[in-house]
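Sequential numbering of the sequence shown, starting at 1, is according to UniProt numbering. Note that the Cβ used here is the ideal one computed from N, Cα and C, for glycine as well. In what follows, a structure is listed as structure tokens, so that the remarks can point back to it.
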Amino acid sequence: MDGCPDRKEFRSSRETGNFGETAAARFLYDRGYRILQRNYHCPAGEVDIIAEDHGTICFVEVKTRSQDFLRAPEDAVDAEKQRRMRATARHYLSRYRDVGSVRFDIVSVVLASTDTIELIELRTDVFPWEP
1 MDGCPDRKEF RSSRETGNFG ETAAARFLYD RGYRILQRNY HCPAGEVDII
51 AEDHGTICFV EVKTRSQDFL RAPEDAVDAE KQRRMRATAR HYLSRYRDVG
101 SVRFDIVSVV LASTDTIELI ELRTDVFPWE P
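Structure representation (structure tokens):
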């Protein structure tokens, strides 16, 4: 597993997102999650991280924002994003896993004005699984 990213100047929102996703994957890994996939794409959508936490398959959305951004990162996971994440989870599970329990988590990565990580926060089971 790569180390947590260090200070960096960002040139695009894609680079900022990639930085946050790498930090989130390391954060989860350090807490005992097994990272199964990153940036899983299918016709239904995309999930940033798929991980296993004590037998539960976790579909993780990573939201990276600057410290002065007015909206909380997790507020961007609206009903439409939830629908797409569920559809993507169904796609993944139908192809790769026999699974008992599933949950949807959000990792919020807040960057300081100097492009260093101010805060990483995990919210688990943020919306229900509807198989």
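Next on the checklist: Measuring only the C-alpha atoms, how far is residue 124 from residue 20?
Outcome noted: As a first step, residue 124 must be located in the sequence shown, where it is residue number 124. As a first step, residue 20 must be located in the sequence shown, where it is residue number 20. Rounded to whole angstroms, residue 124 to residue 20 spans 17 Å at the Cα level.
Checklist entry - Identify the residues that DSSP records as bridge partners of residue 51: which are they? => result Sequence index remark: in the sequence shown, residue 51 carries index 51 (1-based). Paired residue(s): 35, 58.
Next on the checklist: On the CB-based measure, 16 or more other CB atoms within 10 Å of its CB, does residue 81 come out buried or exposed?
Outcome noted: As a first step, residue 81 must be located in the sequence shown, where it is residue number 81. That one is exposed.
Checklist entry - So, using beta-carbon positions, are residue 40 and residue 51 closer together than 8 Å? => result Stepping through the sequence shown from its first residue, residue 40 is reached at position 40. Stepping through the sequence shown from its first residue, residue 51 is reached at position 51. Not in contact: residue 40 and residue 51 (Cβ atoms no closer than 8 Å).
Item to check | Contact check, residue 77 vs residue 109, beta carbons under 8 Å | outcome: Looking up residue 77 in the sequence shown gives position 77. Looking up residue 109 in the sequence shown gives position 109. No. Outside cutoff.
Checklist entry - Closest by CA to residue 101, which one among 58, 35, 25? => result Looking up residue 101 in the sequence shown gives position 101. Nearest option by C-alpha distance: 58.
Item to check | Cβ separation of residue 47 and residue 88, assumed to be a contact under 8 Å, to the nearest whole Å | outcome: For the purposes of this step, residue 47 is taken as residue 47 along the sequence shown, with counting starting at 1. For the purposes of this step, residue 88 is taken as residue 88 along the sequence shown, with counting starting at 1. That belief holds up - the Cβ atoms of residue 47 and residue 88 are roughly 5 Å apart, short of 8 Å.
Item to check | Separation of residue 60 from residue 120, as counted between CA atoms | outcome: By 1-based counting over the sequence shown, the position of residue 120 is 120. By 1-based counting over the sequence shown, the position of residue 60 is 60. Their backbone Cα atoms lie some 13 Å apart in a straight line.
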